[in-house]
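Asker: Everything in the sequence shown is counted per full-length UniProt numbering, starting at 1 for the first residue and increasing by one. Pasting a structure below so you can have a look.
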Amino acid sequence: MPGPRDTAPRNLAVNRRRARKGTRRRVRGPAGVAGKTIAVGTATNQEKILLDWSERNEKAGRRPVDIRYHPKTSDTHPALRSGRIDAYFGPNPSVVYHVNTAGRTQSIGRFSGGGDVVRGTIAATTKKGSGPVGAYAAALRAVIADGSYRAVLDRWGLGAEALTTSQINPPGLPRTH
Numbered sequence: 001m002p003g004p005r006d007t008a009p010r011n012l013a014v015n016r017r018r019a020r021k022g023t024r025r026r027v028r029g030p031a032g033v034a035g036k037t038i039a040v041g042t043a044t045n046q047e048k049i050l051l052d053w054s055e056r057n058e059k060a061g062r063r064p065v066d067i068r069y070h071p072k073t074s075d076t077h078p079a080l081r082s083g084r085i086d087a088y089f090g091p092n093p094s095v096v097y098h099v100n101t102a103g104r105t106q107s108i109g110r111f112s113g114g115g116d117v118v119r120g121t122i123a124a125t126t127k128k129g130s131g132p133v134g135a136y137a138a139a140l141r142a143v144i145a146d147g148s149y150r151a152v153l154d155r156w157g158l159g160a161e162a163l164t165t166s167q168i169n170p171p172g173l174p175r176t177h
């Protein structure tokens, strides 16, 4: 959608790392992925974060990340099972779903979709001044207040993405992100 726009966040942008079940390692930042083989989608915020972390590792004298690109998330499942990759870095919903349904992998870290810079959010977006964003934000605030919003997210294992309110046009990612 080109041009000015209004936004109303509906949930936090959360990314997770998934590894084979039984992995004891936890990832808390760049050092946790140094020298590891990590799969990620192309042209995603996860790729941006991983590339940044790899660069920071090199500057700190650690090994860079061996980044592997998979056209489909489903391609990461056999790669994880066979040990061709150490982990997959992707959006929270798909990682949580796979961990909870397949039973062969586990989450080894959770991070903001905005990286280290800002708390990322996922938002409804409309043409600036067109009107619907106010109604959307009000409706979202109502379901947050009555608890049904959190109940739905918790039902699907996505409670980590819950917002406490929806604000119109909150601060976003820097332009360089």
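Backbone N, C-alpha and C define an ideal beta-carbon position, used for all residues, glycine too.
(1) Just curious, the alpha helix (DSSP H) that Asp-146 is in, first and last residue?
(2) Whole angstroms is fine: what's the gap from Thr-7's alpha carbon to Lys-21's?
(3) Rounded C-beta distance between Thr-101 and Gly-90? I'm assuming under 8 Å.
(4) Could you pull the start and end residues of the alpha helix (DSSP H) that Val-40 belongs to?
(5) How many whole angstroms separate the CB atoms of Gly-109 and Arg-26, which I take to be in contact at a CB cut-off of 8 Å?
(6) May I ask you to report which of helix, strand or coil DSSP gives Ile-49?
(7) With DSSP collapsed to three states, give me the class of His-177.
(8) Per DSSP, what kind of secondary structure is Gln-167 in: helix, strand or coil?
Answerer: Taking the definition as stated:
(1) Looking up residue 146 in the sequence shown gives position 146. Membership of Asp-146 in any alpha helix (DSSP H) is not indicated, and neither H nor E is assigned to it by DSSP.
(2) One-based indexing of the sequence shown puts residue 7 at position 7. One-based indexing of the sequence shown puts residue 21 at position 21. Between Thr-7 and Lys-21, the C-alpha separation is close to 38 Å.
(3) In the sequence shown, counting from the first residue as 1, residue 101 sits at position 101. In the sequence shown, counting from the first residue as 1, residue 90 sits at position 90. Not a contact, Cβ separation roughly 15 Å.
(4) Residue mapping note: residue 40 aligns to position 40 of the sequence shown, counting from 1. Careful: Val-40 lies outside any alpha helix (DSSP H), inside the beta strand (DSSP E) at 37-40.
(5) For the purposes of this step, residue 109 is taken as the residue at position 109 of the sequence shown. For the purposes of this step, residue 26 is taken as the residue at position 26 of the sequence shown. With 8 Å as the limit, Gly-109 and Arg-26 qualify as a contact, their Cβ atoms being about 6 Å apart.
(6) Within the sequence shown, residue 49 is the residue found at index 49, counting from 1. DSSP places Ile-49 in helix when its eight states are reduced to three.
(7) Taking the first residue of the sequence shown as 1, we reach residue 177 at position 177. Any reading at His-177 must be qualified, since the residue scores a pLDDT of 44, below 50, and its modelled position is unreliable; no value is offered.
(8) Within the sequence shown, the letter at position 167 stands for residue 167. In the structure shown, Gln-167 sits in coil (DSSP, three-state: anything other than H, G, I, E or B).
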